[in-house]
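Protein sequences appear in the order of chains F and G. Numbered by our numbering, the letters in the first sequence go through residues 362 to 841 in order. Numbered by our numbering, the letters in the second sequence go through residues 4 to 248 in order.
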Amino acid sequence: MKPKTGDFNRAAASALADADVQRNMRGLYDGFHMARERAAEATPNWEDLRDRARAVKAHTIEYLDHYLGMAAENVERAGGKVFFAKDADEASRYILDLAAARGVKTVIKSKSMLSEEMGLNARLEEAGVEPVETDLGEYLIQLRGETPYHIVAPALHLSKEQVADLLQEEIGGPRYERAEDLTAAAREQLRGKFFEADMGITGANFLVAETGTLVLVTNEGNGRMCTSMPKVHVAIMGMEKVVPSMEDMGMFLRLLIRSATGQRLSSYVTLVNGVRRDDDVDGPEEFHLVVVDNGRSKMLADPALREALYCLRCGACLNACPVYRKVGGHSYGWVYSGPIGAVVSPMLTSLPDAKDLPYASSLCGACREVCPVRIDIPRMLLHMRSDLAEGGPHSGSPRASLAERLTMKAWRLAVARPWMLRLANRLARLAQRPLVKDGRLRKLPPPLSAWTRHRTFPAVASRPFRDRWRSELRKSRRDG
Amino acid sequence: MKASLFVTCVVDQFYPEVGESAVRVLRRLGVEVDFQEEQTCCGQPAFNSGFRSDAKPLAKRFLDTFESSESIVIPSGSCAAMVRVFYEELFHDEPDLAAKARNVAAKTFELTEFIVDALGITRLPESSGPPRRTRVTYHEGCHLRRELGVMTQPRALLEAAPGVELAPMRQADVCCGFGGAFAVKYPDISGGMLADKLRHVAETGADAVTACDSTCLMQIAGGMEKSGMTTRAVHVAQLLDEAMG
Numbered sequence: 362m363k364p365k366t367g368d369f370n371r372a373a374a375s376a377l378a379d380a381d382v383q384r385n386m387r388g389l390y391d392g393f394h395m396a397r398e399r400a401a402e403a404t405p406n407w408e409d410l411r412d413r414a415r416a417v418k419a420h421t422i423e424y425l426d427h428y429l430g431m432a433a434e435n436v437e438r439a440g441g442k443v444f445f446a447k448d449a450d451e452a453s454r455y456i457l458d459l460a461a462a463r464g465v466k467t468v469i470k471s472k473s474m475l476s477e478e479m480g481l482n483a484r485l486e487e488a489g490v491e492p493v494e495t496d497l498g499e500y501l502i503q504l505r506g507e508t509p510y511h512i513v514a515p516a517l518h519l520s521k522e523q524v525a526d527l528l529q530e531e532i533g534g535p536r537y538e539r540a541e542d543l544t545a546a547a548r549e550q551l552r553g554k555f556f557e558a559d560m561g562i563t564g565a566n567f568l569v570a571e572t573g574t575l576v577l578v579t580n581e582g583n584g585r586m587c588t589s590m591p592k593v594h595v596a597i598m599g600m601e602k603v604v605p606s607m608e609d610m611g612m613f614l615r616l617l618i619r620s621a622t623g624q625r626l627s628s629y630v631t632l633v634n635g636v637r638r639d640d641d642v643d644g645p646e647e648f649h650l651v652v653v654d655n656g657r658s659k660m661l662a663d664p665a666l667r668e669a670l671y672c673l674r675c676g677a678c679l680n681a682c683p684v685y686r687k688v689g690g691h692s693y694g695w696v697y698s699g700p701i702g703a704v705v706s707p708m709l710t711s712l713p714d715a716k717d718l719p720y721a722s723s724l725c726g727a728c729r730e731v732c733p734v735r736i737d738i739p740r741m742l743l744h745m746r747s748d749l750a751e752g753g754p755h756s757g758s759p760r761a762s763l764a765e766r767l768t769m770k771a772w773r774l775a776v777a778r779p780w781m782l783r784l785a786n787r788l789a790r791l792a793q794r795p796l797v798k799d800g801r802l803r804k805l806p807p808p809l810s811a812w813t814r815h816r817t818f819p820a821v822a823s824r825p826f827r828d829r830w831r832s833e834l835r836k837s838r839r840d841g
Numbered sequence: 004m005k006a007s008l009f010v011t012c013v014v015d016q017f018y019p020e021v022g023e024s025a026v027r028v029l030r031r032l033g034v035e036v037d038f039q040e041e042q043t044c045c046g047q048p049a050f051n052s053g054f055r056s057d058a059k060p061l062a063k064r065f066l067d068t069f070e071s072s073e074s075i076v077i078p079s080g081s082c083a084a085m086v087r088v089f090y091e092e093l094f095h096d097e098p099d100l101a102a103k104a105r106n107v108a109a110k111t112f113e114l115t116e117f118i119v120d121a122l123g124i125t126r127l128p129e130s131s132g133p134p135r136r137t138r139v140t141y142h143e144g145c146h147l148r149r150e151l152g153v154m155t156q157p158r159a160l161l162e163a164a165p166g167v168e169l170a171p172m173r174q175a176d177v178c179c180g181f182g183g184a185f186a187v188k189y190p191d192i193s194g195g196m197l198a199d200k201l202r203h204v205a206e207t208g209a210d211a212v213t214a215c216d217s218t219c220l221m222q223i224a225g226g227m228e229k230s231g232m233t234t235r236a237v238h239v240a241q242l243l244d245e246a247m248g
């Protein structure tokens, strides 16, 4: 999928100006975010669980080659095939070749962020294979030709009315008003596809190394049907998704599901072990696991960004993020959005092209506060900013504009020494004189004019604290 | 107990009255306050923008200025977080400076944290003047809460302050949208976040909104003036000063 990460400013401006988007986003805090808060509150030892999960992730990522090797061995032992793809293209080609070899016409898909990252649907269509998204939200955005708006709620930005219009236009028939009827209409469409499809493609929430078990978490049961109805099941997985043992799953499922939706358990948790065995009532004849790097090793190689690979893709950081709640998912210009997207998207595409993303944060830390594995996103954003501003392994040469560099130098000069600060104070007071009224600046000239669109600015004090200290405070001592 | 006040560049240049209040409050609580005149800025604007080489000389200046202080008190959660949390990261490849940063970090406090945790004070002396009643709502600064873990201390002091009634705010811990350079680089996103904050302030019906950071208050006060709200924006130091004065 071609990134549009360079378009953040324009996209954010249009999201801010869009009343529908703002209304649809407003419920996120009281909805998903508060549901997570209540679920965390109600779970005994929640904070210990987070610590333990983080430790397991850190350990697994540290020994990733070992655990991937173990996982591959166990998948193969259960009759599956494993392919390691270095990038999206290699992974897509493996799937296209397989589809061609098996004469596949229709593919049913369970929601996968990696599939979006690979642009897999477009590749399938080019090859004459019809991909059908079976998660309701993902189905809607497939119909609209969009990328997911949110990691767990891909169609978060659409109102019920927009969905009603969309479905009527795409599948004909009456215009339904109630959510239940809309769901039923989509379900009716999808049901036939489940029977028709020759291949099912799913993502992977986890892959248990010691057993080779694929774990899928869904609320609609569509994931389970994708793994059990077609003859061929292909699971695509980012290489960081492996976990050592089945014993860890209780902990990870509790954390993932509660962080994502506040549910104690999702409606479906599907565990898949290889191909259908003789005594199984259903299941695929073939199982393929495609393990994808696609830039993840860049994060693995940088100790400051490595923990981005601990991410469970629960979306809690999006719900908690006040910036995401204003600009929405599409402003981030690629597949991953919100705080974790601001780290992952530039790393999987290009940091210099996505240079606005690490700056699109007030560094408030709400993301880290809710992350089930305590990923320190603000710290990673700071690291990427330094890489951009001063040059580093991900940006090469410094990418700051001349204006930014000059502003920084001017500021540094002003605060370099106390006497320079005094001088800067005097100059600022001279400069502000025509603009100050009752101690405030209500309209600033460009480039600061945008600031005063939303807020007035205090005038620089005529007697800074340091002068007051010298003349009065130093002497007055304890009498207040 | 002795404390060196790091007043912050924002208070020094824009809100000197906050620094004056901090001095009076600390002195009334029996603290011997000094002000090292060599101080300027902690370097956070450069660090947060990614210009670490520009932040370093300021951080070094801070460490030199305050190395021999008994304790360092800062009326800002954000600047205190810069010193306490981020200096060590800034100097991660310079072991001598990192050690110095750790040493200084261990005795650096945000103002309310200093009063409650270091001085052990949660009861405040009665005001000598006529009793005043103010209904106040508290905005939680992001770095104060999430980098320093200071959540209960400011509320405890506000509850103990004579004449102050605390009105709880919805989403008190959600960012006001300032974020330093963020508000300059993305003024409209910041403005959207500010609008939410103002709505939550207004809902409380409080006479004043308070915080431990003058930068949050700069944003909130500026937004309130622009939108015609008459709620006062005052630093916690000023409220404590008024309550005890």
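The beta-carbon is built from N, C-alpha and C at its ideal position, and this holds for glycine as well.
Can you pull the chain F neighbours of Tyr189 of chain G, defined as C-beta to C-beta under 7 Å? For the purposes of this step, residue 189 of chain G is taken as residue 186 along the second sequence, with counting starting at 1. Ala721, listed in chain order.
Report the rounded CA-to-CA distance for Lys836 of chain F versus Cys145 of chain G, giving the unit in angstroms. Residue numbering aside, residue 836 of chain F sits at position 475 when the first sequence is read from its first letter. Residue numbering aside, residue 145 of chain G sits at position 142 when the second sequence is read from its first letter. Here the C-alpha atom of Lys836 of chain F lies approximately 35 Å from the C-alpha atom of Cys145 of chain G.
Between the stretch 169-197 of chain G and chain F, which residues of the former have a C-beta closer than 9 Å to a C-beta of the latter? Gln174, Asp176, Val177, Cys178, Cys179, Gly180, Phe181, Gly182, Gly183, Ala184, Phe185, Ala186, Val187, Lys188, Tyr189, Pro190, Asp191, Ile192, Ser193, Gly194, Gly195, Met196 and Leu197
Report buried or exposed for Met4 of chain G, applying the criterion of at least 16 other Cβ atoms within 10 angstroms of its Cβ. Here residue 4 of chain G refers to the residue found at position 1 when the second sequence is read from its first residue. Flag for Met4 of chain G reads exposed.
Can you list, in chain order, the stretches of the alpha helix (DSSP H) that have 4 or more residues and sit fully within the stretch 590-633 of chain F? Counting only runs of 4 or more residues that sit fully inside the stretch 590-633 of chain F, the alpha helix (DSSP H) segments are 610-622, in chain order.
Hey, quick one: how far does the alpha helix (DSSP H) through Tyr685 of chain F stretch, first residue to last? Translated into the one-based positions of the first sequence, residue 685 of chain F becomes position 324. First-last of the alpha helix (DSSP H) with Tyr685 of chain F: Tyr685 to Val688.
Output needed for Met196 of chain G: all residues of its chain with C-beta closer than 7 Å, excluding positions within five of it in sequence on either side, in chain order. Walking along the second sequence from the start, residue 196 of chain G turns up at place 193. Cys178, Cys179 and Gly180.
Please list, in chain order, the chain G residues whose beta carbon lies closer than 8 Å to that of Tyr390 of chain F. On the first sequence, residue 390 of chain F is found 29 positions in, with the first residue counted as 1. Ordered by position in chain G, the residues that pass the 8 Å Cβ test against Tyr390 of chain F are Gln174 and Val177.
Which ranges would you report for the alpha helix (DSSP H) in the stretch 738-797 of chain F if only whole runs of at least 4 residues count? 738-751, 763-775 and 779-793
I need the straight-line Cα distance from Arg539 of chain F to Val524 of chain F, nearest angstrom please. Your numbering for residue 539 of chain F matches position 178 in the first sequence. Your numbering for residue 524 of chain F matches position 163 in the first sequence. Rounded to the nearest angstrom, the two C-alpha atoms are 10 Å apart.
Any beta carbon from chain F within less than 8 Å of Val10 of chain G's own beta carbon? Position 7 of the second sequence, counting from 1, holds the residue named residue 10 of chain G. So, interface residue.
Assign Glu206 of chain G to one of three DSSP states: helix, strand, or coil. Position 203 of the second sequence, counted from the first residue, corresponds to residue 206 of chain G. Of the three classes helix, strand and coil, the one that applies to Glu206 of chain G here is helix, per DSSP.
Strictly under 8 Å for the Cβ-Cβ distance: is Lys716 of chain F near chain G by that measure? Translated into the one-based positions of the first sequence, residue 716 of chain F becomes position 355. Not closer than 8 Å to any Cβ of chain G, the Cβ of Lys716 of chain F fails to qualify, so no.
Compute the Euclidean distance between the alpha carbons of Ile192 of chain G and Val595 of chain F, then round it to the nearest angstrom. Numbered from its first residue, the second sequence carries residue 192 of chain G at position 189. Numbered from its first residue, the first sequence carries residue 595 of chain F at position 234. For Ile192 of chain G and Val595 of chain F, the gap between their C-alpha atoms comes out near 41 Å.
Which class does Tyr141 of chain G belong to by DSSP, given the choice of helix, strand or coil? Residue mapping note: residue 141 of chain G aligns to position 138 of the second sequence, counting from 1. If DSSP states are grouped into helix, strand and coil, Tyr141 of chain G belongs with the strands.
Using the Cα positions of Ala240 of chain G and Pro78 of chain G, report the straight-line distance between them to the nearest angstrom. Walking along the second sequence from the start, residue 240 of chain G turns up at place 237. Walking along the second sequence from the start, residue 78 of chain G turns up at place 75. Roughly 7 Å separates the two Cα atoms.
Would Thr234 of chain G count as contacting chain F if we go by Cβ distances under 8 Å? For this step, residue 234 of chain G is matched to residue 231 along the second sequence. It does not; no Cβ of chain F falls within 8 Å.
Assuming Lys472 of chain F and His649 of chain F form a contact by the criterion Cβ under 8 Å, report the distance between their Cβ atoms to the nearest whole angstrom. Position 111 of the first sequence, counting from 1, holds the residue named residue 472 of chain F. Position 288 of the first sequence, counting from 1, holds the residue named residue 649 of chain F. Not a contact, Cβ separation roughly 18 Å.
Give the residues from the stretch 209-227 of chain G that approach chain F closer than 8 Å (Cβ to any Cβ), ordered along the chain. Met221, Gln222, Ala224, Gly225 and Gly226
Does the separation of the CB atoms of Val107 of chain G and Leu66 of chain G fall below 8 Å? One-based indexing of the second sequence puts residue 107 of chain G at position 104. One-based indexing of the second sequence puts residue 66 of chain G at position 63. Closer than 8 Å, so yes.
Check whether Tyr671 of chain F and Ala570 of chain F have beta carbons under 8 Å apart: For the purposes of this step, residue 671 of chain F is taken as residue 310 along the first sequence, with counting starting at 1. For the purposes of this step, residue 570 of chain F is taken as residue 209 along the first sequence, with counting starting at 1. Not in contact: Tyr671 of chain F and Ala570 of chain F (Cβ atoms no closer than 8 Å).
Residues of chain G with CB closer than 9 Å to the CB of Asn786 of chain F, please, in chain order. Numbered from 1 along the first sequence, position 425 holds the residue referred to as residue 786 of chain F. Going along chain G in sequence order, the residues near Asn786 of chain F (Cβ under 9 Å) are Asp15 and Gln16.
Chain F within 8 Å of Leu100 of chain G, Cβ atoms only: The residue you call residue 100 of chain G lines up with position 97 of the second sequence. No, its Cβ sits nowhere closer than 8 Å to a Cβ of chain F.
If the criterion is Cβ atoms closer than 8 Å, does the pair Leu796 of chain F and Gly599 of chain F meet it? In the first sequence, residue 796 of chain F corresponds to position 435, counting from 1. In the first sequence, residue 599 of chain F corresponds to position 238, counting from 1. At a Cβ-Cβ threshold of 8 Å, Leu796 of chain F and Gly599 of chain F do not count as neighbours.
For Asp57 of chain G, which residues in chain F fall below 7 Å Cβ to Cβ? Position 54 of the second sequence, counted from the start, is the residue given in the question as residue 57 of chain G. In chain order: Met769 and Arg773.
6 Å CB neighbourhood of Gly553 of chain F in its chain, flanking five on each side removed: By one-based count along the first sequence, residue 553 of chain F stands at place 192. Answer for Gly553 of chain F: no residue qualifies.
In whole angstroms, what is the alpha-carbon distance linking Leu501 of chain F and Ala764 of chain F? Along the first sequence, one-based indexing puts residue 501 of chain F at 140. Along the first sequence, one-based indexing puts residue 764 of chain F at 403. Cα-Cα distance, rounded: 43 Å.
Note the first and the last residue of the continuous beta strand (DSSP E) segment covering Met362 of chain F. What you label residue 362 of chain F is simply residue 1 of the first sequence in a count that begins at 1. Run containing Met362 of chain F: none; DSSP gives neither H nor E here.
Got a sec? Which residues, its chain only, sit under 6 Å from Thr813 of chain F by beta carbon, not counting five neighbours each side? Against the first sequence, residue 813 of chain F aligns to sequence position 452. The answer, listed in chain order, is Lys804 and Leu805.
Chain-ordered residues of the stretch 663-679 of chain F with a beta carbon less than 9 Å from chain G: none
Does any CB atom of chain G fall closer than 8 Å to the CB of His691 of chain F? For the purposes of this step, residue 691 of chain F is taken as the residue at position 330 of the first sequence. Output row for His691 of chain F: interface = no.
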